[in-house]
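A.B. asks: Mind looking over this structure? Questions follow.
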Amino acid sequence: MVQEKGTISINTENIFPIIKKFLYSDNEIFLRELVSNAVDASQKVKRLATLGHYSKDLGDLKVKVAVDADAKTITISDSGIGMTAEEIKKYINQVAFSGATEFMEKFKEAKDANEIIGRFGLGFYSAFMVADKVEIQTLSYQEGAEPARWICDGSTSFEITEGNRTERGTDVILYINAESEEFLQEHRISDILNKYAKFLPVPVQFGTKTESVPDGEEEDGKTKYKSVEVDNIINNTNPIWTKAPADLKDEDYLDFYRELYPFAEEPLFWIHLNVDYPFNLTGVLYFPKLKNDFEVQKNKIKLFSRQVFITDEVKDIVPEFLLLLHGVIDSPDIPLNVSRSFLQADSNVKKINSYISRKVADKLSELFKKDRKGYEEKWDDIGIFVKYGALSDEKFYDKAKEFLLLGNTNKETYTLEEYRIKVKDFQADKDGQLVYLYTADPEGQDSYIKAATKKGYDVLLMNSPIDTHFIHHLETKLEKTSLKRVDADVIDKLIVKEDTEKHQLTADEISKLKSIFDKAISNPAMKVEVESLPADAMPVTITMEEWMRRMKDMSRLGGSMNFYGSMPDNYKVAINANHKIISKLLNADETQQTAMAKQAFDLAMLAQGLLKGADLTAFVERSVEVT
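Residue numbering for the sequence shown is -5 to 621, as defined by our numbering.
Take a look at the structure:
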């Protein structure tokens, strides 16, 4: 072979410093790029053999990764199609972008290494992020091809000479620079391979491992074992998302879930994705049992392209409400080197987003119709997914109406339509407005729930983190329907009927009563009102208006309602004019009036969980004295 020297077709010498320094924070992806190239080369020779263009023995097509700490090298080897000297010049020396000038102008716009590599075709050159020098030893599959060697020291100069490889394929040898010697540690390379190469379609070997294999029998008939060194294959070349659902059992899906998330609790169920038009997509998504925020942050959906891991930040591909799911998505229509801006603009990604949302809705609908009892048992775990979906995706809500459940304090569940039918005859107010009562804290609001059920009303349980927003959403969707928390007012004011009870107090008595309670309470945040309520209702009830409490709840969840969170808490103190204590109070002396009003008010505060600290202590002491 004629020795050749030359320069890589780049018009500036600034490119390699950019690759090395600008991309340094993502420098581990060099291994993904080089191993992926080796896998592609292996698959190409296999394809040529299938098409009849290569008749020799394919041999062992595995990709090998080797670290030599003493020589400070990392070698990625394959038995793929290899390259001729001319192909090296074509594919290696000509960087795949339209010119260095464009590169220099635009690279600063890139947000991460993936974007810059993908945008300018720098996959192979990512090797220079960690290496002072890169060498290629290669032999093409073509008949009569000669081995070739390419070497570059990180400048724009290269050298091609005769190589020493005797078998088809390619070795890429990286001479690791001083700043990147962490990659000479076997555990570091192992971690990267486990991250990016875990499911590559061609076996990837990294060193060897010791295994115990049968070796005859002991004298007592028990199997005898011996230790042998075998290739350490780090990847599963045929993960379940590459298989047909008909060929898989439940245990296969569970085993794969354990492989992905070794310490997670078993999932509730899963969805197998498989579509080839108008885009290609496979994958498996799992509905997990979510126990804490740590699991949400740690166990994410993993995005692959042709079994090469890309990222677990998939919010531009998966609908936002499904980011809590676990599993895998693989699409060759999503480039390996992908940027967020690409994802946001790509039409296929938008179609994938809609497809996943539809598949999830179809799966939930199927589960509901097929096994409603089992679905209801899982509702506490899946309800947050469904409600979040209904909030954020109009099309999903249209489907979810069939399987979205409302649960009440009696542990009964209903679809939206079933619940409307259940309460429509007795929970409509005088104007025909249907009122759904709910509680966010069944224990803390027990007295209010009992007051509602005593009237024959039903109370929904709305205590998930998302329910504050979901309640508001339901009101926009359900015709002539409002939702009110059971402690938002006295029960007769929550659902106003025509036959409201009247009281016999005069205007002077009402004014006197308000004055007594204002004096006893001595708190401007407590607005005293005299109400005509049933005689067996509480003498004093403390409530916060539904709209104000709801705004405050929303503010705690963040977003545009933060203004309300800074507003002081204001409550309504409803005095039951028909209660016997109130008539006694009006006829008592001034000292007794104040004491009776304070005691009745504190009882109402206690019922709301608002009586705390010194006020609670004083109440207890006062109650002991009375007894």
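All C-beta atoms in this analysis are idealised placements derived from N, C-alpha and C, irrespective of residue type, glycine included.
Being a predicted model, the structure only gives us computed values, none of them experimental.
Let me check one thing: in DSSP terms, what residues is K127 bridge-paired to?
C.D. replies: Locating residue 127 in the sequence shown gives position 133, where the first residue counts as 1. The partner list for K127 (beta bridge, DSSP) reads Y169.
A.B. asks: Under 9 Å between C-beta atoms, does K237 make it to chain D?
C.D. replies: No chain D is part of this structure, which consists of one protein chain only.
A.B. asks: By how many angstroms is the C-alpha of D486 removed from the C-alpha of F464?
C.D. replies: Indexing the sequence shown from 1 puts residue 464 at position 470. Indexing the sequence shown from 1 puts residue 486 at position 492. Each residue's Cα considered, the two are about 25 Å apart.
A.B. asks: Starting from A594, trace the alpha helix (DSSP H) both ways and give me its first and last residue.
C.D. replies: Position 600 of the sequence shown, counting from 1, holds the residue named residue 594. Unbroken alpha helix (DSSP H) run through A594: 584 to 601.
A.B. asks: Considering only residues of the same chain and omitting the five flanking positions on each side of A139, which have a CB-CB separation below 8 Å?
C.D. replies: Against the sequence shown, residue 139 aligns to sequence position 145. For A139, where only same-chain residues beyond five positions count, the Cβ hits under 8 Å are G76, T78, L133.
A.B. asks: Is DSSP giving A35 helix, strand or coil here?
C.D. replies: For the purposes of this step, residue 35 is taken as the residue at position 41 of the sequence shown. Of the three classes helix, strand and coil, the one that applies to A35 here is helix, per DSSP.
A.B. asks: For I70, write down the residues that DSSP places opposite it in a beta bridge.
C.D. replies: On the sequence shown, position 76 is the one that residue 70 refers to. Paired residue(s): V59, V166.
A.B. asks: Can you find the residues in the same chain that come closer than 6 Å, C-beta to C-beta, to A191, ignoring five residues on each side of it along the sequence?
C.D. replies: For the purposes of this step, residue 191 is taken as the residue at position 197 of the sequence shown. Taken in chain order, the residues that qualify are V29, V198, N229.
A.B. asks: DSSP state of R622, grouped into three classes?
C.D. replies: Because residue 622 is not part of the residues shown, which for the chain are -5 to 621, the question remains open.
A.B. asks: If you check the beta carbons only, do K471 and Y391 fall under 9 Å apart?
C.D. replies: Working through the sequence shown from its first residue, we reach residue 471 at position 477. Working through the sequence shown from its first residue, we reach residue 391 at position 397. Yes; because the gap between Cβ atoms is below 9 Å, this pair is in contact.
A.B. asks: What residue range is occupied by the uninterrupted alpha helix (DSSP H) comprising I576?
C.D. replies: Along the sequence shown, read from residue 1 onward, the residue named residue 576 stands at position 582. Per DSSP, I576 belongs to the alpha helix (DSSP H) from 574 to 581.
A.B. asks: Going by Cα to Cα distance, which pick from D530, Y280, S505, S351 is closest to K393?
C.D. replies: As a first step, residue 393 must be located in the sequence shown, where it is residue number 399. The shortest Cα separation from K393 among D530, Y280, S505, S351 belongs to S351.
A.B. asks: Within the chosen definition, does the segment 276 to 284 reach the segment 217 to 224 through at least 3 CB pairs nearer than 8 Å?
C.D. replies: Because the criterion of three Cβ pairs below 8 Å is not met, the segment 276 to 284 and the segment 217 to 224 do not touch.
A.B. asks: Evaluate F320 with the Cβ neighbour count: other Cβ atoms within 10 Å of its Cβ, from every protein chain shown; 16 or more gives buried, anything less gives exposed.
C.D. replies: In the sequence shown, the residue the question calls residue 320 occupies position 326. The displayed chain sequence assigns His, not Phe, to residue 320. Classification of H320: buried, given that the 10 Å Cβ count is 16 or more.
A.B. asks: Taking the alpha carbon of D270 as the reference point, which residue from I346, D306, E212, D214 has its own alpha carbon closest?
C.D. replies: Counting from one through the sequence shown, the residue named residue 270 turns up at place 276. Nearest of I346, D306, E212, D214 to D270, Cα basis: I346.
A.B. asks: Starting from D622, follow its DSSP beta bridges and name the residues at the other end.
C.D. replies: Only positions -5 to 621 of the chain appear in this structure, which leaves residue 622 out of reach.
A.B. asks: Which of the three DSSP states is assigned to R159 in this structure?
C.D. replies: Taking the sequence shown and counting its residues from 1, one reaches residue 159 at position 165. Three-state result, R159: coil.
A.B. asks: Write down the C-beta distance between Y169 and K127 rounded to the nearest angstrom, noting that I regard them as a contact closer than 8 Å.
C.D. replies: In the sequence shown, residue 169 corresponds to position 175, counting from 1. In the sequence shown, residue 127 corresponds to position 133, counting from 1. Y169 to K127, Cβ: 4 Å. Contact.
A.B. asks: What residue does the alpha helix (DSSP H) around W373 start on, and which one ends it?
C.D. replies: The residue given as residue 373 occupies position 379 in the sequence shown. Its alpha helix (DSSP H) spans residues 366 to 386.
A.B. asks: Looking at the structure shown, is I23 part of a helix, part of a strand, or coil, going by DSSP?
C.D. replies: The residue you call residue 23 lines up with position 29 of the sequence shown. In this structure, I23 counts as helix in the three-state DSSP scheme.
A.B. asks: So, at 8 Å on beta carbons, what are the nonlocal neighbours of V567 in its own chain, with the 5 sequence-adjacent residues on each side left out?
C.D. replies: By 1-based counting over the sequence shown, the position of residue 567 is 573. Closer than 8 Å at the Cβ level, and outside the excluded window around V567, lie F511, I515, M520, K521, V522, E523, V534, T535, I536, F595, A598.
A.B. asks: Which same chain residues end up closer than 8 Å to K309 when comparing Cβ atoms and leaving out the 5 residues on each side of it in sequence?
C.D. replies: Locating residue 309 in the sequence shown gives position 315, counting from the first residue. If we look at K309 and ignore the five residues flanking it on each side, its Cβ neighbours are L317.
A.B. asks: Specify the secondary structure class of V480 as computed by DSSP and reduced to three states.
C.D. replies: Here residue 480 corresponds to residue number 486 of the sequence shown, with the count starting at 1. Three-state DSSP puts V480 in coil, outside helix and strand.
A.B. asks: Using beta-carbon positions only, say whether S184 and A125 come within less than 9 Å of one another.
C.D. replies: Here residue 184 is taken as the residue at index 190 of the sequence shown, counted from 1. Here residue 125 is taken as the residue at index 131 of the sequence shown, counted from 1. No, Cβ-Cβ distance for S184 and A125 is not below 9 Å.
A.B. asks: Taking the alpha-carbon positions, what's the P195 to I130 distance?
C.D. replies: Within the sequence shown, the letter at position 201 stands for residue 195. Within the sequence shown, the letter at position 136 stands for residue 130. If you take the alpha carbons of P195 and I130, they lie about 23 Å apart.
A.B. asks: Can you have a look at E96 and say buried or exposed, based on whether 16 or more other CB atoms are within 10 angstroms of its CB?
C.D. replies: In the sequence shown, counting from the first residue as 1, residue 96 sits at position 102. Caution is warranted here: a pLDDT of 49 is assigned to E96, below 50, making its placement in the model unreliable, and the coordinate value is therefore given only provisionally. E96 is exposed by the Cβ-count criterion.
A.B. asks: Look up S617 in the DSSP assignment and say whether it is helix, strand or coil.
C.D. replies: Position 623 of the sequence shown, counting from 1, holds the residue named residue 617. Helix at S617.
A.B. asks: Out of S299, G277, W264, K56, point me to the one whose CA is closest to D165's CA.
C.D. replies: Indexing the sequence shown from 1 puts residue 165 at position 171. Out of S299, G277, W264, K56, K56 has the C-alpha closest to the C-alpha of D165.
A.B. asks: How many angstroms separate the CA atom of K344 from the CA atom of F273?
C.D. replies: Position 350 of the sequence shown holds residue 344. Position 279 of the sequence shown holds residue 273. Straight-line Cα distance between these residues: approximately 11 Å.
A.B. asks: If I'm right that Q439 touches D481 with Cβ under 8 Å, what's the distance once you round it to whole angstroms?
C.D. replies: Counting from 1 along the sequence shown, the entry for residue 439 is found at position 445. Counting from 1 along the sequence shown, the entry for residue 481 is found at position 487. Yes, Q439 and D481 are in contact; Cβ-Cβ is about 5 Å, under 8 Å.
A.B. asks: With a threshold of 6 Å on Cβ separation, who are the neighbours of G201 within its own chain once the five nearest residues in sequence on each side are excluded?
C.D. replies: Sequence index remark: in the sequence shown, residue 201 carries index 207 (1-based). For G201, where only same-chain residues beyond five positions count, the Cβ hits under 6 Å are N226.
A.B. asks: Am I right that G368 and L399 are in contact with their C-beta atoms under 8 Å? What's the rounded C-beta distance?
C.D. replies: Stepping through the sequence shown from its first residue, residue 368 is reached at position 374. Stepping through the sequence shown from its first residue, residue 399 is reached at position 405. About 13 Å separates the two Cβ atoms, so there is no contact after all.
A.B. asks: How many whole angstroms separate the CB atoms of T403 and I443, which I take to be in contact at a CB cut-off of 8 Å?
C.D. replies: Within the sequence shown, the letter at position 409 stands for residue 403. Within the sequence shown, the letter at position 449 stands for residue 443. The pair is a contact, with the Cβ atoms about 6 Å apart (cut-off 8 Å).
A.B. asks: Just the Cα atoms here: how many angstroms apart are S441 and D502?
C.D. replies: The residue labelled residue 441 in the question sits at position 447 within the sequence shown. The residue labelled residue 502 in the question sits at position 508 within the sequence shown. Cα to Cα, S441 sits roughly 31 Å from D502.
A.B. asks: If we ignore side chains and look at the alpha-carbon of each, how far apart do I23 and V417 end up?
C.D. replies: For the purposes of this step, residue 23 is identified with residue 29 of the sequence shown, where counting begins at 1. For the purposes of this step, residue 417 is identified with residue 423 of the sequence shown, where counting begins at 1. Rounded to whole angstroms, I23 to V417 spans 59 Å at the Cα level.
A.B. asks: Nearest-angstrom Cα distance between P436 and E406?
C.D. replies: Walking along the sequence shown from the start, residue 436 turns up at place 442. Walking along the sequence shown from the start, residue 406 turns up at place 412. Straight-line Cα distance between these residues: approximately 15 Å.
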